[in-house]
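Visitor: Have a look at the structure that comes next, please.
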Amino acid sequence: MYEGQLKGRCRIYVLTSSLDLSEIEHSKAYGLVYGFIHKPMDSKDVQVIAAEIDERE
C-alpha cells in the first residue's frame, strides 16, 4: 500500500528472538524489510545499521 512511497526513504529491520529460519525467508517477501536481527541486540548490531545508513547517504 505505502511501499512505493517509503521505498528508498526508510529501512526496516526485523528484531526477533525467534531462531526459525522460515521467518527470515518470510520477511524477504516484503520489499521494505532491509535486515533481520536476533535479540538481544548489541552495539555491533547498531554499528552495522549505522554503517548501512552512512553508505546510503
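Quick note: the sequence shown, position 39, residue 38 per numbering that gives the first Met the number 0, numbers continuous.
Ideal Cβ positions, reconstructed from N, Cα and C, are used throughout, including at glycine.
(1) Measure from the alpha carbon of C9 to the alpha carbon of each residue in G34, D44 and L18, then state which is nearest.
(2) Take E2 as the anchor and find which of D41, K43 and V32 has the nearest alpha-carbon.
(3) Anyone know if the C-beta pair for V13 and S21 falls short of 8 Å?
(4) Can you check which of these residues, I11, T15, G7 and L5, is closest to V40 by C-alpha distance?
(5) Tell whether a beta-carbon distance below 8 Å holds between D44 and I52.
Guide: In short, the structure shows the following:
(1) By one-based count along the sequence shown, residue 9 stands at place 10. It is G34 whose Cα lies nearest to the Cα of C9.
(2) Along the sequence shown, one-based indexing puts residue 2 at 3. Closest by C-alpha distance to E2, out of D41, K43 and V32, is V32.
(3) Here residue 13 refers to the residue found at position 14 when the sequence shown is read from its first residue. Here residue 21 refers to the residue found at position 22 when the sequence shown is read from its first residue. Not in contact: V13 and S21 (Cβ atoms no closer than 8 Å).
(4) Within the sequence shown, numbered from 1, the residue matching residue 40 stands at position 41. A small correction: the amino acid at residue 40 is Met; Val does not occupy that position in the sequence shown. For the residues I11, T15, G7 and L5, the minimum Cα distance to M40 belongs to T15.
(5) Sequence index remark: in the sequence shown, residue 44 carries index 45 (1-based). Sequence index remark: in the sequence shown, residue 52 carries index 53 (1-based). No, these two residues do not count as a Cβ contact at 8 Å.
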